[in-house]
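First comes the structure, then the notes that go with it.
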Amino acid sequence: MMIAASLLTVEPISVVSAARGVTAIVGLFVATLAYRGYQRNHSEKMRALAVGIGLLTAGVFVAVMIADLSGAENGVVLLVRGLVTVIGLCVVLYAILVA
16 MMIAASLLTV EPISVVSAAR GVTAIVGLFV ATLAYRGYQR NHSEKMRALA
66 VGIGLLTAGV FVAVMIADLS GAENGVVLLV RGLVTVIGLC VVLYAILVA
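In case it helps, the working numbering puts the sequence shown at residues 16 to 114.
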């Protein structure tokens, strides 16, 4: 039985969206584990780490999706992604150095 060649082609945007989604899901799982560590030990570092990881993964995913759906240009989407990434990294850095 032959499968039509058109069924085997995958749009690049679909692959990108799937990769972003998987990253967000795995990141939320890791952030949830860090948050559970915060709840168990009342560690401010773990809470900050959970927020930072959440921003770096799910936060970036949500921000990019909102920017894409609003019809923003590529430069704006990259700016939003960069800002959320920097904020997430700053929160992780805070978790490591300060909290």
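C-beta atoms are modelled at their ideal positions from N, C-alpha and C, and glycine is treated no differently.
In angstroms with no decimal places, state the Cα-to-Cα distance between residue i and residue j.
i, j, result
"residue 27", "residue 102", "28 Å"
"residue 95", "residue 112", "26 Å"
"residue 72", "residue 92", "15 Å"
"residue 110", "residue 24", "44 Å"
"residue 70", "residue 89", "20 Å"
"residue 43", "residue 86", "26 Å"
"residue 52", "residue 106", "17 Å"
"residue 55", "residue 75", "27 Å"
"residue 59", "residue 78", "26 Å"
"residue 68", "residue 84", "24 Å"
"residue 100", "residue 57", "26 Å"
"residue 108", "residue 98", "15 Å"
"residue 66", "residue 47", "9 Å"
"residue 61", "residue 104", "14 Å"
Buried or exposed, going by whether 16 or more other CB atoms sit within 10 Å of the CB of residue i?
i, result
"residue 31", "exposed"
"residue 40", "exposed"
"residue 15", "No answer is possible for residue 15: the residues shown for the chain start at 16 and end at 114."
"residue 34", "exposed"
Write down the C-beta distance between residue i and residue j rounded to the nearest angstrom, noting that I regard them as a contact closer than 8 Å.
i, j, result
"residue 64", "residue 49", "5 Å"
Q | Every unbroken alpha helix (DSSP H) within the stretch 65 to 91, with a cutoff of 4 residues, ordered by chain | A | 75 to 84
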